[in-house]
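Number of protein chains: 2
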Amino acid sequence: MLSKEELLAYCAGARKNYLPHISIDCVVFGFHEGVMKVLVLNVEEGEWYLPGGFLLKEEPIETAANRILKERTGLDDIFLQQFYVFGDPERSKEHFEMYKDILPAGENWFTNRFLTIGYYALVDFQDVNPMPDELSISCNWFGLKELPELKLDHTQILNTALDTLRLHLNYQPVGYNLMPKEFTMPELQKLYETILDKKLDRRNFQRRMLSFGILNRSEQQRKGGAHKAPYLYAFNIENYKAALTEGFKGGW
Amino acid sequence: MLSKEELLAYCAGARKNYLPHISIDCVVFGFHEGVMKVLVLNVEEGEWYLPGGFLLKEEPIETAANRILKERTGLDDIFLQQFYVFGDPERSKEHFEMYKDILPAGENWFTNRFLTIGYYALVDFQDVNPMPDELSISCNWFGLKELPELKLDHTQILNTALDTLRLHLNYQPVGYNLMPKEFTMPELQKLYETILDKKLDRRNFQRRMLSFGILNRSEQQRKGGAHKAPYLYAFNIENYKAALTEGFKGGW
DNA sequence: ACAAAAGTGTTTGATATACACCCATGT
DNA sequence: ACATGGGTGTATATCAAACACTTTTGT
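Below, the structure written as structure tokens:
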């Protein structure tokens, strides 16, 4: 926890640089060892938050989200998807309460009501170097199944992000941003199974995935593991991007 | 156009009551005589805008959207769907320019940079009584094909709303909010064709629509028209709502 | 040699597409 | 009577689901 002086300086800086009443919260998804992970900040003992931040006064929203995530992950050019604005007038009260005994209301940045713009991000787990922000003491990956309870409405934000991601899975390719450059079909399947939280048929998955035409199979196979060596695949970026904009399913 | 005094009063009221930097813009879709219509405001000669407004300081976003639309349409309980936040720092400059010669910057509400939360609304055309807001001189329906060019980024907002609506059509029922209580299958098909901007097969449309189980066929038929009398249908609200939350297509 | 993981293929049912036919009504 | 729009039905292709067999590799 910052000292009162530090907090005052933080609030003064925020008032000077950021738009009031507006924040961004990011649900950063990574995939590692068959588990879906989310980046979570620890402010103090038992206080967990999604990574977030504010908009500079003349900054585009997506730029701000990128900036915030660069600070938390070290990564540029993260795949980001805006998914919802959370604006319950009560949603940030908890944050205000937390600082109201320390800071005079006029000085307290968190006296503001905040609408928060939710983004979800898909990143390659291996590339991320989690770093806490000014207000927190650590930044860590948590498996989806072992998440602590989050403060404010951050659990709701996370669940909405998950729902949105699952929905997107139905008409968009997902995976390029979550997988390493090369991966095997079973590994990709595991990603889908993790996101959807259900088992898929190995053979049907492969057929369907290949039918999208967004994968290139390498000559190479993943050696070293026990059992038969699986082929390595990489995404075909051109087709992948085309599929991202055009979508998969016809619908009507 | 308001007088300077009126504008000053408007701005003072806005500063007092609304959150700064945040607005709401609504794309109100109605369907009439086989044409998709959108509500558009006329501020002055050749200046067209989507209906919009601001958030009261302690007002939930959706409540604000409802309030704004009640003022424009006379309707309560409108079907609303938040679909995107538009936040380009340049997006509201045009609005500022418009008033800068009349109002001192410090007084001018539109000096603010605004992020706008986009909602689309689906309403029964017949129920709407379009009413202009304080800043405009008229509020009218325009067919999608005969829309004037809109100011600010409102054309982009409208197009994004349309894209979202089309997407939703693929996994959600649409129509309850756009159609009168009773309607014929060809009428409903016309709605779909209008939204998608393409022809559908009469017989396949009917089969598919019925397969969703969200329609009740009435004993009655629409008499009076030329040709064979079509059956009247109404939405089965329970199933409709269930389909809204659960969606249609399996996907994975 | 065998267990476990991976590649490939087949059978079956469901769903979508493209049509054809009949019926009712106003002119 | 006939043109037009509306109700219903069928053949075919296409796709998804369920399932079987073979191949490879480490133990």
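Protein sequence lines, in the order shown, are assigned to chains A and B.
Note that the working numbering has the first sequence beginning at 34, numbered continuously upward.
Note that the working numbering has the second sequence beginning at 34, numbered continuously upward.
Glycine included, C-beta positions come from ideal geometry on N, C-alpha and C.
Check	Outcome
Considering only C-alpha positions, which residue in the set GLY257/B, PRO263/B and ASN210/B is nearest to ILE111/B?	ASN210/B
Just mark PRO206/B as buried or exposed, buried being the case when its beta carbon has 16 or more other beta carbons within 10 Å.	buried
Quick check on DSSP: helix, strand or coil for ASN203/A?	coil
Distance check for SER36/B and PHE281/B, CA to CA, integer angstroms please.	52 Å
Who are the near neighbours of TYR152/B in its chain, counting only those whose CB is closer than 6 Å to its CB and skipping five residues on each side?	CYS59, ALA98, LEU113 and GLN115
Give the DSSP-derived three-state secondary structure of ILE55/A in the structure shown.	strand
Which value, in whole angstroms, describes the spacing of the CA atoms of VAL156/B and LEU177/B?	15 Å
Excluding the 5 residues flanking LEU229/B on each side, which residues of the same chain have their C-beta closer than 8 Å to its C-beta?	ARG199 and LEU202
Could you give the first and the last residue of the continuous alpha helix (DSSP H) run that contains TYR43/A?	37-50
Mind listing the chain A neighbours of ASP121/B? Cutoff is C-beta to C-beta under 9 Å, in chain order.	PRO93 and ILE94
Looking at C-alpha atoms only, which residue of TRP142/B, GLU127/B, TRP81/B and PRO165/B is the closest neighbour of LEU41/B?	TRP142/B
Give every residue of the same chain whose Cβ lies closer than 7 Å to the Cβ of GLU140/A, excluding the five residues on either side of it in the sequence, and list them in chain order.	LEU41 and CYS44
How about LEU60/B: is its C-beta nearer than 7 Å to some C-beta of chain A?	It should be noted that the sequence gives Val, not Leu, for residue 60/B. Cβ-Cβ to chain A under 7 Å: no for VAL60/B.
Which residues in the same chain as GLN253/B place their Cβ atom closer than 6 Å to its Cβ, once the five residues preceding and following it in sequence are excluded?	LEU265
How many angstroms separate the CA atom of ASP109/A from the CA atom of LYS103/A?	6 Å
Give, in chain order, every unbroken run of the alpha helix (DSSP H) that is at least 4 residues long and sits entirely within the segment 142-221 of chain B.	187-202
Per DSSP, what kind of secondary structure is SER251/B in: helix, strand or coil?	strand
Give the secondary structure of LYS70/B by DSSP, where H, G and I count as helix, E and B as strand, and everything else as coil.	strand
Put PHE112/B into one of helix, strand or coil per three-state DSSP.	strand
Examine the ligand ADP and report whether any of its heavy atoms sits within less than 6 Å of the Cβ of LEU113/B.	The model depicted lacks the ligand ADP and carries no ligand whatsoever.
Identify whether ALA276/A lies in helix, strand or coil by the three-state DSSP scheme.	helix
Provide the residue span of the alpha helix (DSSP H) that contains LEU243/A, from first to last.	235-244
From the DSSP output, which residues share a beta bridge with GLU91/B?	DSSP output for GLU91/B lists no bridge partner at all.
Going along the chain, which residues of its own chain have a beta-carbon closer than 6 Å to the beta-carbon of GLU311/A, five neighbours each way excluded?	The structure shown has nothing for residue 311/A, since chain A only spans 34 to 285.
So, at 6 Å on beta carbons, what are the nonlocal neighbours of HIS65/B in its own chain, with the 5 sequence-adjacent residues on each side left out?	PHE158
Pick helix, strand or coil for LEU136/A, following the three-state DSSP scheme.	coil
For chain A, is any of its Cβ atoms less than 7 Å away from the one on GLU285/B?	The displayed chain sequence assigns Trp, not Glu, to residue 285/B. Chain A contact via Cβ: present.
Helix, strand or coil: how does DSSP classify HIS260/B here?	coil
If ASP166/B and ARG124/B are in contact, beta carbons under 8 Å, what's the gap, nearest whole angstrom?	That pair is no contact at about 19 Å.
Under the three-state reduction of DSSP, which class applies to ASN269/A: helix, strand or coil?	coil
Would you kindly work out how many angstroms separate the C-alpha atoms of ILE101/A and LEU180/A, rounded to a whole number?	22 Å
Would ILE288/A count as contacting chain B if we go by Cβ distances under 7 Å?	Within the shown structure, residues of chain A are numbered from 34 to 285, placing residue 288/A beyond reach of any answer.
Please report the straight-line C-alpha distance between GLU182/A and THR188/A, rounded to a whole angstrom.	7 Å
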